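Before any comments, here is the structure.
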Amino acid sequence: MAVTLVLGWGLGSACQSEAQETESAGQQPSRGTLIVVVSPGGEPEFEERFRDWAESWHKAGEQGELQTHLIGVGDSNTNDLDVLKETLAAAQSEENLPLWLVLLGHGTFDGRDTKFILRGPDLTIPQLTDMLASQQRPLAIIGAHSASGELIKELAGPNRVIVTATKSPSEVNFSHFGGFLVKALSTPTSDLDKDHQVSLLEGFLVASRMTQEFYEADGRLATEHALIDDNGDGTPVRAEDFRGIQPIDPEIADGARAHQWHVVPSDSERQLPAEVVQKRDALEIKLAELRRQKGSLGEEEYYRALEVILVDLARLMQGVPTLPANVP
């Protein structure tokens with residue numbers, strides 16, 4: 006596990022030393038990359054809050070053996086837009102490992118353009134689109150900031166999971182969702198299906214509930230409504246569309262892929278080779294798609310297709326190669 010802090014809040018020297026010690030100790034390679042980009046707080050209250058949230062993401066990434074980068078903290082004499090561009094470009098080398106991109110802080114919307122606030126030039130959605138255009142890695146984008154809802158419309162695509170704190174760019178008030186999300190991802194009680202790990206889907210569902218409860222306890226109407234899209238169609242859903250971890254409406258295609266993303270995986274998950282995880286995840290997506298089609302298939306056709314997927318899953322997890330599609 007390697008940790009890189011780009012201009013860290015006094016965490017820099019300690020974490021860089023830790024990274025060097027980790028590399029020299031010969032620990033296993035990272036499971037992926039976590040890039041956390043932090044807005045300037047503007048006020049001491051927000052600076053402290055963003056620092057705490059960023060430290061929580063760093064800790065989670067460390068526990069999950071992710072190569073972690075923090076951008077937007079420490080020395081203010083930087084152009085964070087350039088740093089983000091360079092960090093994303095460097096991240097293209099690991100094509101098969103998951104890439105987490107967390108935008109944490111303040112967003113703005115002037116009625117036409119949405120921006121994520123940075124030190125130096127701010128980040129626009131077209132700029133982020135260009136930065137990610139050639140990115141082939143599985144990608145989770147978390148817009149943990151106000152006015153983030155437009156990210157889904159513009160960035161949705163195959164093999165991408167996108168979570169936003171708001172349902173539209175017009176929700177411009179300070180967003181609390183980002184703090185609740187990292188808390189949920191790091192809390193064992195967020196493990197809704199009891200598989201000893203908290204998925205991004207579970208974190209989204211729990212954080213959405215925590216956000217709503219925060220506003221209710223404060224006697225205010227919620228000014229942020231989180232969304233998720235993980236099937237690439239650009240049509241997001243809310244936490245209210247789920248019962249447990251399953252969509253209430255069988256026509257909803259979101260949720261299955263986000264449930265395969267874990268910042269901190271279980272011990273058993275860590276032991277699986279990357280190629281096995283990729284094949285298993287693909288089969289699980291096929292299984293979710295088949296279950297959505299159940300109502301339009303004949304009973305015999307459905308159970309025949311179900312058996313093929315379940316047998317392939319069983320063979321894979323037992324280390325037995327799956328049968329070719331033309332083998333009965």
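Last residue of the sequence shown? That's 333 in my numbering, and every number before it is there in order.
The beta carbon of each residue, even a glycine, is placed where N, CA and C say it ideally should be.
Please read all numbers here as calculations on a predicted model, not as lab measurements.
- Runs of the beta strand (DSSP E) lying entirely within the region 110–164 and spanning at least 3 residues, in chain order: 112–114, 119–121, 144–150.
- One Cα belongs to LEU108, the other to LEU232, and the distance between them is close to 15 Å.
- A Cβ-Cβ separation of about 6 Å places PHE247 in contact with LEU210 under the 8 Å criterion.
- By the C-beta criterion, the region 281–288 is judged not to be in contact with the region 251–258, since fewer than 3 inter-stretch pairs fall below 8 Å.
- PRO143 is not a Cβ neighbour of PRO174, given a cutoff of 7 Å.
- A direct Cα-to-Cα measurement between PRO278 and ARG320 gives close to 15 Å.
- Scanning its chain for C-beta atoms nearer than 8 Å, with the 5 sequence neighbours on each side dropped, one finds around ASP200 the residues SER271, in chain order.
- Per DSSP, reduced to three states, the secondary structure at LEU106 is strand.
- ALA170 and ILE314 have their alpha carbons spaced roughly 35 Å apart.
- DSSP places GLY46 in the coil class of the three-state scheme, outside both helix and strand.
- In the structure shown, the three-state DSSP call for THR38 is strand.
- The beta-carbon distance between SER151 and GLU176, rounded to whole angstroms, is 6 Å. This is short enough to meet the 8 Å contact definition.
- In the DSSP assignment, GLN72 falls outside any alpha helix (DSSP H) and lies within the beta strand (DSSP E) extending over 71–76.
- Within the region 238–306, the runs of alpha helix (DSSP H) at least 4 residues long that lie entirely inside it are, in chain order, 272–275, 279–297.
- Exposed is the label assigned to GLU280, since fewer than 16 other Cβ atoms lie within 10 Å of its Cβ.
- Setting aside the 5 residues that flank it on each side, ALA244 is surrounded in the same chain by LEU210, SER213, each with a C-beta closer than 6 Å to its C-beta; the list follows chain order.
- Note on geometry: alpha-carbon atoms of SER204 and GLY303 lie some 33 Å from one another.
- Within the model, the alpha-carbon separation for ARG36 versus ARG117 is close to 38 Å.
- In chain order, ALA161, GLY162, PRO163, ASN164, ARG165 place their CB closer than 8 Å to the CB of GLY237, counting only its own chain and leaving out the 5 sequence neighbours on each side.
- Between the alpha carbons of THR134 and GLY224 lies a gap of roughly 38 Å.
- Out of ALA138, SER180, LYS158, ASN82, the CA that lies nearest to the CA of TRP58 is found in SER180.
- VAL203 sits in coil when the DSSP states are folded into three classes, being neither helix nor strand.
- Exclusion of the five residues before and after ARG262 leaves VAL166, ASP235, ASN236, ILE290 as the residues of its chain whose Cβ lies within less than 7 Å of its Cβ.
- By the neighbour-count criterion, in which a residue is buried when 16 or more other Cβ atoms sit within 10 angstroms of its Cβ, GLN276 is exposed.
- Nearest to ALA65 by alpha-carbon distance, out of LYS188, ALA222, VAL316, is LYS188.
- Cβ neighbours of GLU100 within its own chain (closer than 7 Å, five residues either side excluded): GLN141, ARG142.
- Using a 10 angstroms sphere on the CB of GLU221, the tally of other CB atoms stays under 16, which defines it as exposed.
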